[in-house]
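Below: the structure, in structure tokens.
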Amino acid sequence: MNIYWVESTVPKSMAIVARPRGNGSLEDELLAMRREGIDVLVSLLTSTEQQELGLSLEGELCQKAGMEYLNFPITDHGLPTSHQEFALLVEQLQKKLDAGKHIGAHCFACIGRSSVLMASLMCAQGTTPHDAFLRLGTARGFPVPETLQQMKWVEQFARTLEKK
114 MNIYWVESTV PKSMAIVARP RGNGSLEDEL LAMRREGIDV LVSLLTSTEQ QELGLSLEGE
174 LCQKAGMEYL NFPITDHGLP TSHQEFALLV EQLQKKLDAG KHIGAHCFAC IGRSSVLMAS
234 LMCAQGTTPH DAFLRLGTAR GFPVPETLQQ MKWVEQFART LEKK
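Those letters in the sequence shown? Residues 114 to 277, by my numbering.
Have a look at this one:
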């Protein structure tokens with residue numbers, strides 16, 4: 114299990130986490146994340162992916178491990194389908210950060226969808242999309258996100274934040 118803490122305004126408050134191993138390993142994986150400081154785990158997997166990967170009980174086992182669990186499904190290599198719902202998720206996560214919670218996000222390979230979420234959350238804190246992706250890439254050890262469309266989506270999302 115890997116946790117990639119992102120350099121942000123509050124040390125060790127945001128991370129991209131490796132997708133937990135499923136089925137019989139899932140509970141131990143989630144307990145390890147909790148021990149490493151994750152308070153809120155956000156999965157960006159679709160329900161089909163969750164089933165295929167043995168992660169159907171992730172929400173229930175997060176609660177058992179003492180973590181809050183949120184699921185915001187985005188298709189692999191894709192983008193959020195609702196800008197408004199995504200903005201509400203980012204706002205909700207920002208409130209959790211303000212309350213001192215430590216947030217981890219995962220998707221399948223922890224490159225694209227999780228980077229879109231964490232970069233958007235960083236933009237909500239005043240970081241530019243470019244700097245957010247640089248910090249995320251540094252944490253992950255290689256450039257993120259996966260697609261140019263994902264990068265452009267975060268840039269557009271950041272512009273909508275500036276208008277508020």
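No residue lacks a Cβ here, since even glycine has one placed at the ideal position from N, Cα and C.
Inset, instruction - Have a look at T240 and V267 and give me their C-alpha separation to the nearest angstrom. - result: On the sequence shown, residue 240 is found 127 positions in, with the first residue counted as 1. On the sequence shown, residue 267 is found 154 positions in, with the first residue counted as 1. Rounded to the nearest whole angstrom, the CA to CA distance from T240 to V267 is 12 Å.
Legend entry - Sequence-distant residues of its chain with Cβ nearer than 8 Å to L192 (five each side left out): For the purposes of this step, residue 192 is taken as residue 79 along the sequence shown, with counting starting at 1. Closer than 8 Å at Cβ, skipping near neighbours: V229, Q262, Q263, W266.
Legend entry - Cut-off 7 Å between Cβ atoms - residues of its own chain near E149, not counting five sequence neighbours on either side: One-based indexing of the sequence shown puts residue 149 at position 36. Contacts found: I116.
Inset, instruction - Check whether the segment 213-225 touches the segment 125-132, taking contact to mean three or more Cβ pairs, one atom from each stretch, closer than 8 Å. - result: yes
Legend entry - Which listed residue (D152, D211, L139) has its alpha carbon closest to that of L234: Numbered from its first residue, the sequence shown carries residue 234 at position 121. When each option's Cα is compared against that of L234, the closest is D211.
Inset, instruction - Report the rounded CA-to-CA distance for L158 versus L166, giving the unit in angstroms. - result: Here residue 158 refers to the residue found at position 45 when the sequence shown is read from its first residue. Here residue 166 refers to the residue found at position 53 when the sequence shown is read from its first residue. Near 10 Å, if we compare the C-alpha coordinates of L166 and L158.
Legend entry - Rounded C-alpha distance that separates Q176 from Q205: By one-based count along the sequence shown, residue 176 stands at place 63. By one-based count along the sequence shown, residue 205 stands at place 92. Roughly 18 Å between the two C-alpha positions.
Inset, instruction - Could you have a look at L206 and say whether DSSP puts it in helix, strand or coil? - result: Residue numbering aside, residue 206 sits at position 93 when the sequence shown is read from its first letter. Helix at L206.
Legend entry - Helix, strand or coil at A222 according to DSSP, with G and I counted as helix: Looking up residue 222 in the sequence shown gives position 109. Three-state result, A222: coil.
Inset, instruction - Report the option in R134, D189, F270 whose CA atom is closest to the CA atom of E259. - result: As a working mapping, residue 259 is identified with position 146 in the sequence shown. Closest option to E259, Cα to Cα, is D189.
Inset, instruction - Quick one: using the 10 Å Cβ neighbour count with 16 as the cut-off for buried, is G137 buried or exposed? - result: Mapped onto the sequence shown, residue 137 falls at position 24. Looking at its Cβ environment, which holds fewer than 16 other Cβ atoms inside 10 Å, G137 is exposed.
Inset, instruction - Could you name the residues that DSSP lists as bridge partners for W118? - result: Within the sequence shown, numbered from 1, the residue matching residue 118 stands at position 5. W118 is bridged to A128.
Legend entry - Distance, I187 Cα to E173 Cα: Mapped onto the sequence shown, residue 173 falls at position 60. Mapped onto the sequence shown, residue 187 falls at position 74. Answer to the nearest angstrom: the Cα atoms are 20 Å apart.
Legend entry - Which of helix, strand or coil DSSP assigns to E181: Here residue 181 is taken as the residue at index 68 of the sequence shown, counted from 1. Three-state result, E181: strand.
Inset, instruction - Tell me whether L73 sits in a helix, a strand or coil according to DSSP, three-state version. - result: This structure cannot speak to residue 73, because the chain is shown only from 114 to 277.
Inset, instruction - Please state if the CB of C236 and the CB of L274 are separated by a distance shorter than 7 Å. - result: As a working note, residue 274 is residue 161 in the sequence shown. As a working note, residue 236 is residue 123 in the sequence shown. Cβ atoms of L274 and C236: closer than 7 Å.
Legend entry - Length of the line joining the Cα atoms of A222 and K276: As a first step, residue 222 is located in the sequence shown; it is residue number 109 there, counting from the start. As a first step, residue 276 is located in the sequence shown; it is residue number 163 there, counting from the start. Taking the straight line from one Cα to the other gives about 32 Å.
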